[in-house]
Each structure stands twice: as structure tokens, then as C-alpha cells.
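Those sequence lines, one after another, are chains U and Y. So the number in our numbering is just where the residue sits in the first sequence, counting from 1, plus 4. So the number in our numbering is just where the residue sits in the second sequence, counting from 1, plus 4. Just so it is clear, CB atoms sit at the ideal spot from N, CA and C, and this is done for glycine as well. In this text, all values refer to a predicted model and were calculated from it rather than measured experimentally. Only one structure is covered here, and it is reproduced in the block below.
Protein chains: 2
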Amino acid sequence: MAGADQDSSEHAGLDGARARMRLRVPSVAERVAEELRYQLAEGFLVPGSKLTEATIAEDLGVSRNTVREAFAELAAERLLLRQPNKGVFVATLEAGDIHDVYTVRRAIEVSSIRAGGSPEGIAAVRAAVDEGKRAAAADDNEGLGSANQHFHGAIVALAESNRLNTIMAQILAEMRLYFHKATMNAHFYSDWLQENEQICSALEAGQLERAGDLLLAYLNRSEQQQAAIHGE
Amino acid sequence: MAGADQDSSEHAGLDGARARMRLRVPSVAERVAEELRYQLAEGFLVPGSKLTEATIAEDLGVSRNTVREAFAELAAERLLLRQPNKGVFVATLEAGDIHDVYTVRRAIEVSSIRAGGSPEGIAAVRAAVDEGKRAAAADDNEGLGSANQHFHGAIVALAESNRLNTIMAQILAEMRLYFHKATMNAHFYSDWLQENEQICSALEAGQLERAGDLLLAYLNRSEQQQAAIHGE
DNA sequence: TCTGCTGGATTGTTCAACAATCCAGCGATC
DNA sequence: GATCGCTGGATTGTTGAACAATCCAGCAGA
Chain U
5 MAGADQDSSE HAGLDGARAR MRLRVPSVAE RVAEELRYQL AEGFLVPGSK
55 LTEATIAEDL GVSRNTVREA FAELAAERLL LRQPNKGVFV ATLEAGDIHD
105 VYTVRRAIEV SSIRAGGSPE GIAAVRAAVD EGKRAAAADD NEGLGSANQH
155 FHGAIVALAE SNRLNTIMAQ ILAEMRLYFH KATMNAHFYS DWLQENEQIC
205 SALEAGQLER AGDLLLAYLN RSEQQQAAIH GE
Chain Y
5 MAGADQDSSE HAGLDGARAR MRLRVPSVAE RVAEELRYQL AEGFLVPGSK
55 LTEATIAEDL GVSRNTVREA FAELAAERLL LRQPNKGVFV ATLEAGDIHD
105 VYTVRRAIEV SSIRAGGSPE GIAAVRAAVD EGKRAAAADD NEGLGSANQH
155 FHGAIVALAE SNRLNTIMAQ ILAEMRLYFH KATMNAHFYS DWLQENEQIC
205 SALEAGQLER AGDLLLAYLN RSEQQQAAIH GE
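What follows is the structure, given as C-alpha cells:
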């Protein structure tokens, strides 16, 4: 669904030599959905605005039915909101949704990190931490943001559950939509760089309880920050 | 998405007097999806079998495009599997999927129950327990199954997160599809009736840690049972 | 036995049309 | 002047048909 490998016929790792050939051409509807996802994440489509089927169809040079299919996909991911007989709108997060999103994140992230995970999984978490450090050194604001998303994605990946990964990917996509670049500044990222480092170290050291506690504390604080920015 | 209240304009409880009027007529595509969901849950459509667009369209007296839309919805819920250029198939759970599903359940159920919840939420859990007892007394096998699903749904509802509720509803729908009536017998339900009672009691007594531990133990054991039935 | 083709069936996509619904604007009425 | 009711236009919901793209089983030939 949201993102890359959704086909369950992967078998990666069994025959590592053979490059898994992904020559599948994505359908037009999928490409439309991908384009819209991009525009949403990039902030070109402001939350709350309406997307007219005919307009999008003409802009992208595809049929209205195809646009419809893409809309359905994005609505299932909560990126768009479909209001029957009225149209589809770019999703908006209300005050309550912030708590909602973080409730999901607390559930799956903390649970995943407490389960530990394989060495490769932990290495992926470490890689995301390093990625963040590099971005910080290069003063790459956008890179910082995606590094953080990779970090939390890697934590959930520890559980090695396709479903959890999908859920997390959607949640991250939602946050990308809502906290688009405008709200992200360097000051915002300053805190958790070291925090991710601590969490990762605890994880590597096998201190799963501590890692979970740190992560939980981070999520709680992050929620408060977001609520303060938007809610009041 | 999967099930009832997806419209975020609920405001239930604020003005309890006014019956929340849901006079919205579901679209044809939604009704098709609902019909298919029913047939899936009921076991009329066996996992792995193929659903041909034209056939379904003719059977239900709707257009092929509409069936297509319903397919997309159910595919997003993992109830159907769409294989490009080949067709859609009733989803099948592989051995790994069992672990996958239970990983999600552990994450969100345990997290939800550990958070406590409102008195009304706890009352809903208690109601589900009672519902199970009544079904057991009446020797209502099917009723037992849905009572158990209500129980676990009520636990997740404690977190008061729409997203978690949606996720849980989907997971339960998947399980309904896979563990269709054939595999359910009275012996299967015998254990957890009292177990649900214990969990609920702990919850009511505010012993959240204990409630979480009991729930976690149950989920682990249940996963083993399912794996034993199917896996080997 | 394997290869390669071929025909039929099914999906993917488009298009055009019409019904159903919503909404803004505009009088009519009290 | 505010409300009601209507009306027309715009948009969504749904259909049916058409064609391209793809897959697959079966068959001919090496």
C-alpha cells in the first residue's frame, strides 16, 4: 500500500545472488496515486483544499475513472478524505488527531523496540542515526527530517511484521503531510538527534527496557510539542 | 474503512439527546464491498480462489467499474489480494502471517489495556465478557466467536484512538476470514472464557500491569494454537 | 521433452453519457 | 430584513461499451 514492497512474493535473502528483478510496471492509477502522494508530502496541496476529479484527470492526462481509483487508494491511507457526493479533500489533522497519531506510534514503536530484533535490524537503526548526524553536519534540514522518519521506521521494522511496517509507513506519510516543510526548522530537530543516539545505544547494548522508556518519553514530549504548535 | 464509523464528523456524546442521524445512503461500491465482506467472513468465498470482475458484476447487477472500486477497497483492507493483470484473489494467510497478525495484536491490544481507559470503556469490555457467557450458556458457537471479537475490540477501544480502532477492525476482519467457522469449535473457545473474565476483573480493579500480562500471555498462547493448527 | 507460437479470456484504461446530488444565487413571502 | 423555496450549473456517482495490454493453456514443431 503506502510505499515500496507490497508484493508478498519477495523471497529476498533466499537467493541473494539473483537481483530481485522488479520489472513490474506500475499501473496508471498507481502512478497517479504516487504523483499525488508526492505533491501532498511536498506541501503543494494544502490540507483542506478540494481535489476535483475532472481537473486532476485533465492535468495528468488520464481518465476520470483512473483518478477515482487513485483517490480511493489515498483515501484508504487517510491522506485524502472522501465526502460522498461532495468530493475528496486533502486530509487535515484536527487537534484530537495528534493524540490519535501518537497513540498509534506509542503502541507500535515501543512494542517493537521492546521486542529487540535481529542484528541487521539494529544495524538499520544505527544507520538511520548516522544519516541524521550527517544531515546535521551538512545543515541539510530536509535530510534531517527524512533521517528521523527512517529512524522510527527502522525501529518498527525490528518487529519484522509487514503489517506493522505498512501501518507505520502510513502514519509517517500522514505526518509528512501535516508537518510539511513550513513547520520544520532546524531548532525543531536539535533535541532528538542525541536522543536517537541514546535510544540506539541502549538498543545495541540489549537494554530493551531502557530503550523503550527513552522512546516512550520522546514520543510523549513530541506529542506535547506538536499539540502546542497546533492545538492552542 | 473497515466497518462502521469512518466519518470524522461524529461528535457522539456531546449532545447525547439528539440521535446521530445517519441517513447517508452508502454508495453502490460500498454496498458491493459490504456484500463481499459478508461472503468472505461467512466462508462462502474460499481463500485463494479468484474473483472475476465480470462475473461479480453480473451477479450483483452492477457495473464492472463499480466492482473494481469495491475490489480496491477490500484489497486495501488485505481481505483481497490484487495481482496486476491477473486478477484479485481471496486473501490467504501463510504461516508467517499468523505471527505477523499476532505481532500487531500484541502491540495495540497490550498497549491499549495498559493505558487504562474510561469507565465507559471498561464497561464495554465487561459487556463483551457477559456476552460471551450468555453465548456459552446458550451453546451458541457463533455468538461465542463474535463475543470474543467484541472483547478484544473493546480493549483496543480503551485507547480511544480512531486509527487504532480501524486497524484492529481490519485485523479482526482478517482473522474472521481465515478462521472461518470450520475451524471454530466449542472446544476452541472453552479456555479463554474465564481468561477474559480475569483480564476484565484486573482491568476493573485498576491492575493494569496484571491485565496487560494476562492479555499478553493469552495472545502468545493463542498464536501457538493457531500456528499448530495451520503451520505444521 | 522442450520451445515457441497463437487464440481466447481477463484485466487495464479510456470515453461518453446520464442520474443523483450539492450548492450558490435569487426571488417570493411574511 | 430574514427565511423559505426554487432553480440552474457544476460535480460526483454509475453505467456501458470499446479497445489495448497482458496472461495462460494448449498445441505444433523441432
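For the segment 54 to 78 of chain Y, which residues have a CB atom closer than 8 Å to at least one CB atom of chain U, in sequence order?
Near chain U, meaning a CB-to-CB distance below 8 Å, the residues of the segment 54 to 78 of chain Y are N69, R72, E73, A76, E77.
Let me see if you follow: with CB-CB separation under 9 Å, is P88 (chain U) close to chain Y or not?
Chain Y, which has a Cβ nearer than 9 Å to the Cβ of P88 (chain U), makes this yes.
Check the C-beta distance from F93 (chain Y) over to L83 (chain Y) and give it rounded, since I have them as a contact under 8 Å.
The beta-carbon distance between F93 (chain Y) and L83 (chain Y), rounded to whole angstroms, is 11 Å. This is too long to meet the 8 Å contact definition.
Taking 7 Å as the limit between beta carbons, can you name the residues of its chain near L148 (chain Y), skipping five residues before and five after?
Listed in chain order, the non-local C-beta contacts of L148 (chain Y) below 7 Å within the same chain comprise G136, A139, A140, Y193, local neighbours out to five positions each way being set aside.
Check L148 (chain U) in the structure and name its three-state DSSP category.
For L148 (chain U), the three-state secondary structure derived from DSSP is helix.
For L212 (chain U) versus A119 (chain U), is the C-beta spacing smaller than 9 Å?
Contact: yes.
What ranges does the beta strand (DSSP E) occupy inside the segment 19 to 91 of chain U, keeping only unbroken runs of at least 3 residues that lie completely in it?
Qualifying beta strand (DSSP E) stretches, in chain order: 84 to 87.
D101 (chain U) lies in the alpha helix (DSSP H); which residues open and close that run?
Residues 99 to 109.
Since I believe A76 (chain U) is in contact with E39 (chain Y) (beta carbons under 8 Å), could you give me their beta-carbon distance rounded to a whole number of angstroms?
Contact check for E39 (chain Y) and A76 (chain U): beta-carbon distance about 17 Å, past the 8 Å limit, so the pair fails to qualify.
Going along the chain, which residues of the segment 102 to 113 of chain U sit with their C-beta nearer than 8 Å to a C-beta in chain Y?
Against chain Y - using a Cβ distance shorter than 8 Å - the residues of the segment 102 to 113 of chain U are H103, D104, V105, T107, V108, R110, A111, I112.
Please decide whether N224 (chain U) counts as near chain Y, where near means a Cβ-Cβ distance under 9 Å.
Taking CB atoms only, N224 (chain U) has no neighbour in chain Y less than 9 Å away.
Give the DSSP-derived three-state secondary structure of F183 (chain U) in the structure shown.
Looking at F183 (chain U) - three-state DSSP - the assignment turns out to be coil, as it is neither helix nor strand.
Indicate whether at least one CB of chain U lies closer than 9 Å to the CB of A131 (chain Y).
A131 (chain Y) does not count as touching chain U.
Closest Cβ-Cβ distance between S165 (chain Y) and chain U: below 9 Å?
Interface flag for S165 (chain Y) against chain U is set, since a Cβ pair is found closer than 9 Å.
Cβ of S246 (chain Y) within 9 Å of Cβ of R225 (chain U)?
Only positions 5 to 236 of chain Y appear in the structure, and residue 246 (chain Y) is not among them; the question remains open.
To the nearest whole angstrom, what separates the beta carbons of Y222 (chain U) and E199 (chain U), a pair I think is in contact under 8 Å?
Beta-carbon to beta-carbon, Y222 (chain U) and E199 (chain U) are separated by about 6 Å, close enough to satisfy the 8 Å threshold.
I'd like to know whether the C-beta atoms of P88 (chain Y) and S31 (chain U) end up nearer to each other than 9 Å.
Result yes, Cβ atoms of P88 (chain Y) and S31 (chain U) sit closer than 9 Å.
For the alpha helix (DSSP H) holding I126 (chain U), just list the boundary residues, first then last.
Residues 123 to 141.
Around the Cβ of V29 (chain Y), are there at least 16 other Cβ atoms within 10 angstroms (buried) or fewer (exposed)?
V29 (chain Y) comes out exposed.
Near A163 (chain U), what residues of its chain come up, given a Cβ to Cβ distance below 6 Å and the 5 sequence neighbours on each side ignored?
Taken in chain order, the residues that qualify are S116, A119.
Inter-residue Cα distance where the pair is Q10 (chain Y) and A142 (chain Y)
Unreliable placement is indicated for Q10 (chain Y), whose pLDDT of 36 sits below 50; no coordinate value is reported for it.
Per DSSP, F155 (chain U) forms a beta bridge with which residues?
Answer is none; F155 (chain U) lacks a bridge partner.
Taking CB distances under 9 Å as the criterion, tell me whether A127 (chain U) reaches chain Y.
A127 (chain U) does not count as touching chain Y.
What's the gap between the Cα of N169 (chain Y) and the Cα of K54 (chain Y)?
Distance between the alpha carbons of N169 (chain Y) and K54 (chain Y) is about 29 Å.
Indicate whether at least one CB of chain Y lies closer than 9 Å to the CB of S122 (chain U).
So, not an interface residue.
CB of A80 (chain U) within 9 Å of CB of E34 (chain Y), strictly
The beta carbons of A80 (chain U) and E34 (chain Y) sit no closer together than 9 Å.
Can you check whether the CB of A132 (chain U) is closer than 9 Å to the CB of N152 (chain U)?
Yes, the pair counts as a contact, with Cβ atoms nearer than the cut-off.
Does I159 (chain U) get closer than 9 Å to chain Y when you measure Cβ to Cβ?
Chain Y, which has no Cβ nearer than 9 Å to the Cβ of I159 (chain U), makes this no.
Applying the 10 Å Cβ sphere with the 16-neighbour rule, what's the burial state of F155 (chain U)?
By the neighbour-count definition (other C-beta atoms within 10 Å, threshold 16), F155 (chain U) is a buried residue.
Using a Cβ-Cβ cut-off of 8 Å (strictly less than) and excluding sequence neighbours within five positions of G157 (chain Y), which residues of its own chain qualify?
Excluding the 5 residues flanking it on each side, G157 (chain Y) has same chain C-beta neighbours closer than 8 Å at A132, N169, M172, A173, L176, in chain order.
What residue range does the alpha helix (DSSP H) around I112 (chain Y) cover?
No alpha helix (DSSP H) holds I112 (chain Y); DSSP gives it neither H nor E.
Let me confirm a value: Y42 (chain U) is counted as buried when at least 16 other C-beta atoms fall within 10 Å, else exposed. Which label applies?
Counting Cβ neighbours within 10 Å, Y42 (chain U) comes out exposed, since fewer than 16 surround it.
Cα-Cα separation, V129 (chain U) to N166 (chain U)
Each residue's Cα considered, the two are about 17 Å apart.
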